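Visitor:
Residue numbers (my numbering), protein chains in the order written: chain A, 1393 to 1841; chain B, 447 to 535.
1. Can you give me the start and stop residues for the alpha helix (DSSP H) that residue 517 of chain B sits inside?
2. At a Cβ threshold of 7 Å, is residue 1460 of chain A touching chain B?
3. Quick check: the Cα distance between residue 447 of chain B and residue 1526 of chain A, rounded to an integer number of angstroms?
4. Considering only the alpha carbon of each residue, which of A/1404, A/1425, A/1584 lies closest to residue 1718 of chain A?
5. Could you tell me the distance, in whole angstroms, from the CA atom of residue 1857 of chain A to the CA atom of residue 1787 of chain A?
6. Which residues in the same chain as residue 1838 of chain A place their Cβ atom closer than 7 Å to its Cβ, once the five residues preceding and following it in sequence are excluded?
7. What are the residues of the stretch 521 to 534 of chain B that lie near chain A, defined by any Cβ-Cβ distance shorter than 9 Å?
8. Provide the residue(s) that pair with residue 1601 of chain A in DSSP beta bridges, ordered along the chain.
9. Exposed or buried, residue 1580 of chain A, counting other C-beta atoms within 10 Å across all chains shown (16 or more means buried)?
10. Using a Cβ distance threshold of 8 Å, determine whether the stretch 1663 to 1683 of chain A contacts the stretch 1721 to 1728 of chain A, with at least three qualifying pairs required.
11. So what does DSSP say about residue 1493 of chain A, is it helix, strand or coil?
12. In angstroms with no decimal places, state the Cα-to-Cα distance between residue 1542 of chain A and residue 1781 of chain A.
13. With burial defined as no fewer than 16 other Cβ atoms inside 10 Å of the residue's Cβ, what is the status of residue 1409 of chain A: buried or exposed?
14. Figure out for me which residue from A/1814, A/1713, A/1699, A/1688 has the closest Cα to the Cα of residue 1743 of chain A.
15. Mind checking who residue 1800 of chain A pairs with in its DSSP beta bridge?
16. Taking a contact to mean a Cβ-Cβ separation below 7 Å, would you say residue 465 of chain B touches residue 476 of chain B in this structure?
17. Within 10 Å of its beta-carbon, does residue 1798 of chain A have 16 or more other beta-carbons around it, so buried, or fewer, so exposed?
18. Roughly how many angstroms separate the alpha carbons of residue 1814 of chain A and residue 1785 of chain A, rounded to a whole number?
19. Report back the beta-carbon spacing between residue 1656 of chain A and residue 1602 of chain A to the nearest angstrom; my notes put them in contact at under 8 Å.
20. Going by alpha carbons, who is nearest to residue 1826 of chain A out of A/1555, A/1662, A/1504?
21. Could you compute how far the alpha carbon of residue 1530 of chain A sits from the alpha carbon of residue 1586 of chain A?
22. Is it a yes or a no for the stretch 1615 to 1628 of chain A touching the stretch 1434 to 1449 of chain A, going by three-plus beta-carbon pairs under 8 Å?
23. Along chain A, which residues have their Cβ under 7 Å away from the Cβ of residue 469 of chain B?
24. Is it true that the CB of residue 1733 of chain A sits closer than 7 Å to the CB of residue 1739 of chain A?
25. Measuring only the C-alpha atoms, how far is residue 1395 of chain A from residue 524 of chain B?
26. Between residue 1517 of chain A and residue 1481 of chain A, is the Cβ-Cβ spacing less than 7 Å?
27. If you check the beta carbons only, do residue 1723 of chain A and residue 1756 of chain A fall under 7 Å apart?
28. Should residue 1654 of chain A be flagged as near chain B, meaning a C-beta pair shorter than 7 Å?
29. Between residue 1414 of chain A and residue 528 of chain B, what straight-line distance do the alpha-carbon atoms span, to the nearest angstrom?
30. Please confirm whether residue 1478 of chain A and residue 1524 of chain A have their CB atoms less than 7 Å apart.
31. I need the straight-line Cα distance from residue 1663 of chain A to residue 460 of chain B, nearest angstrom please.
32. Taking 7 Å as the limit between beta carbons, can you name the residues of its chain near residue 1791 of chain A, skipping five residues before and five after?
33. Starting from residue 1844 of chain A, follow its DSSP beta bridges and name the residues at the other end.
34. Among the candidates A/1624, A/1578, A/1700, whose CA atom is the shortest distance from the CA of residue 1539 of chain A?
35. In three-state terms, what does DSSP make of residue 1550 of chain A?
36. Determine whether the beta carbon atoms of residue 1564 of chain A and residue 1424 of chain A lie at a separation below 7 Å.
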């Protein structure tokens, strides 16, 4: 017989502490869809995605009911589209529309992979593809785009960094309150099996079709810590590890079973603590539970480092294959604790940048003034990319220069995207630095062969 | 296939009778029961065998929740694997 305490603990985690499977993401290779024309390719893409993922939503819903655990998002990630449309890049938007239509037909929440990997150089076809991103994001609902601008191995493509700053500004201007920017992320060291949006894409080294699962549960960790207010940090880390183990085991179960029922290989479980704007589902509140008066103050980076490490150690033990981004997320607009800290002026972009040195992933869902120059946004991306490159980790920027908004205003995105108080940025210009372009060389310790 | 039924809510007479009658009607066999009262709160955990039940687990789970509403209790039926996965190494 099952232990009564264990049964009740699981039920309370789900019903009171927001334990959920954040996403079941099916990765689908689009390489077999390349045809002679953009129109034929778009049609082939639509058909392949709709056929490949036709059972994704019903299967996830069935699993959710059987196990009694919510599966919040059902998503699809595809091969970076710039590779599929390389012969006719200026017509890539046709594939964007086909993907969005497929997402709609399937009833999934998001589809990621309108992406380009330009970490070493931007090929001509990629330059043309990048220019289609703002319009593609403005004319679709569920499509997410990403660009990889650097890696520890290749350095940072500063020409791409410059271009991405411009693309973010253009995307903001084409969508209400800059919402399109919430569906666009720029990476350094992007991973090929990430199930989370906006940065999910299906890498070319992956199988034809694969199931990746992202777990969540910051509320569960916070709740567990609330019972040991006097514990020292060694004990707290142990408790977080044990809790992360349980959360991840639920993800592993769903991932294996979803893969089996869908007849595709199980890929990875992404061991992430992903917050939502709901109270009791906040990563910031975990840090405050550890003893910080407010997230963003001194001590925040250390607390986050401990949390991130403990989540990984507990999670790795619980899953047969771990991948994706795996760590604590710190999106400002999607975390009630972060939102409140930002409203109080307690957290700054500088502190958020420091925090990204010790967790996944980067400057995430941050609203900045609408008149922030493109070069400043590029410079923020360059800073983040440098952190990722030097520290051999994934970093990213998902930032919203909300048109017409200034510091003190709030941008409301609604739903899981939450709301973002507009944070100040440094006004010293980086224009000249960014306009230099070129490659920011890879660090010496990247040459390991 | 084994599942776990949990029943919680304010204690009163006849809860076990009502839940058991429902399970019997669905051809579900009760393998083990653990029940306790905390204050005025009733809490019961049952391990059941649903392999002779004609409905799939997802449908059954929805019906169990519905039955719970009818009798004024919170009742859930979940595949036992979720508990095994989370609490055993």
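C-beta atoms are modelled at their ideal positions from N, C-alpha and C, and glycine is treated no differently.
As the structure is a computational prediction, the values presented were derived from the model and not from experiment.
Guide: Walking through what the data contain:
1. Per DSSP, residue 517 of chain B is one residue of the alpha helix (DSSP H) stretching across 503 to 517.
2. Interface annotation, residue 1460 of chain A: in contact with chain B, CB-CB separation under 7 Å.
3. CA-CA distance, residue 447 of chain B to residue 1526 of chain A, rounds to 51 Å.
4. Per the C-alpha coordinates, the member of A/1404, A/1425, A/1584 positioned closest to residue 1718 of chain A is A/1584.
5. A query on residue 1857 of chain A cannot be resolved here, the shown segment of chain A reaching from 1393 to 1841 and no further.
6. Only 1544, 1545 meet the Cβ criterion.
7. Contact annotation: in the stretch 521 to 534 of chain B, residues whose CB is within less than 9 Å of a CB in chain A are 522, 523, 524, 525, 526, 527, 528, 529, 530, 531, 532, 533, 534.
8. According to DSSP, which records beta bridges pairwise, residue 1601 of chain A is partnered with A/1420.
9. Around the beta-carbon of residue 1580 of chain A, 16 or more other beta-carbon atoms lie within 10 Å, marking it buried.
10. When Cβ pairs closer than 8 Å are counted between the two stretches, the stretch 1663 to 1683 of chain A is seen to touch the stretch 1721 to 1728 of chain A, the count reaching three or more.
11. Three-state DSSP puts residue 1493 of chain A in a helix.
12. Cα to Cα, residue 1542 of chain A sits roughly 7 Å from residue 1781 of chain A.
13. The residue in question, residue 1409 of chain A, is buried, as its Cβ has 16 or more Cβ neighbours within 10 Å.
14. Comparing Cα-Cα distances from residue 1743 of chain A to each of A/1814, A/1713, A/1699, A/1688, the minimum goes to A/1688.
15. None, per the DSSP bridge assignment.
16. Inclusion of residue 465 of chain B and residue 476 of chain B in the CB contact set at 7 Å is not warranted, their separation being larger than that value.
17. Per the 10 Å Cβ criterion, exposed.
18. If you take the alpha carbons of residue 1814 of chain A and residue 1785 of chain A, they lie about 27 Å apart.
19. Yes, they are in contact, since the Cβ atoms of residue 1656 of chain A and residue 1602 of chain A sit about 6 Å apart, within 8 Å.
20. The residue with the shortest Cα to Cα distance from residue 1826 of chain A is A/1555.
21. Spanning the two alpha carbons is a distance of roughly 24 Å.
22. No, they do not touch.
23. Close to residue 469 of chain B, with beta-carbon spacing below 7 Å, lies no residue of chain A; the smallest spacing is near 17 Å.
24. Yes, the Cβ-Cβ distance between residue 1739 of chain A and residue 1733 of chain A is below 7 Å.
25. Each residue's alpha carbon lies about 15 Å from the other.
26. When the beta-carbon positions are compared, residue 1517 of chain A and residue 1481 of chain A come within less than 7 Å of each other.
27. Closer than 7 Å, so yes.
28. Not closer than 7 Å to any Cβ of chain B, the Cβ of residue 1654 of chain A fails to qualify, so no.
29. Spanning the two alpha carbons is a distance of roughly 16 Å.
30. Here residue 1478 of chain A is not near residue 1524 of chain A, since their CB atoms are 7 Å or more apart.
31. Rounded to whole angstroms, the separation of the alpha carbons of residue 460 of chain B and residue 1663 of chain A is 44 Å.
32. Only 1560, 1573, 1755, 1758, 1760, 1769, 1772 meet the Cβ criterion.
33. Nothing can be reported for residue 1844 of chain A, as the shown portion of chain A is limited to 1393 through 1841.
34. The option with the nearest alpha carbon to residue 1539 of chain A is A/1578.
35. Looking at residue 1550 of chain A - three-state DSSP - the assignment turns out to be helix.
36. The criterion of a C-beta distance shorter than 7 Å is not satisfied by residue 1564 of chain A and residue 1424 of chain A.
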